[in-house]
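For reference, the structure discussed in these notes is given below.
Residue numbers (my numbering): 58 to 181.
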């Protein structure tokens, strides 16, 4: 079964992502609230895909992506962001592209686009 790691600090978005990926697509999902927790998870388990928010407390998504790429170049990564006050989501997502994510989605995103991206990356 495909294992997906979700790193998202917003409880409601994290829960929606987990429920959608599990119930509608049948994936095994572990959801955490920041980059530090995600890195700890990846030390204990092998994941087939990671979805990360960019702006999170503690280790943010950019740092998480950089750390992940140091140790695992092949893990598919989807970055998501809604921006923050003075920083537009496009800036965050462009930054994520520059450091090697496979896909970016701006919040709020269409669930069908997310599910299609996940399917494409885990079947690549």
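All residues carry an ideal CB built from backbone N, CA and C; glycine is no exception.
Since we're looking at a predicted model, the values are computed, not measured.
- Taking 4 residues as the minimum length, the alpha helix (DSSP H) runs contained wholly in the region 70–152 are 92–101 and 118–128, in order along the chain.
- In the three-state DSSP reduction, residue 175 falls in the helix class (H, G or I).
- Between the C-alpha atoms of residue 153 and residue 135 there is a straight-line separation of about 9 Å.
- With contacts defined as CB atoms closer than 7 Å, residue 60 and residue 85 qualify as a contacting pair.
- In this chain, the beta strand (DSSP E) harbouring residue 61 covers 60–64.
- In the DSSP assignment, residue 161 falls within the unbroken beta strand (DSSP E) covering 160–163.
- The same chain holds no residue with a CB closer than 6 Å to that of residue 131 once the five nearest residues on each side in sequence are set aside.
- For residue 181, the CB contacts under 8 Å within the same chain, skipping 5 residues up- and downstream, are 133 in chain order.
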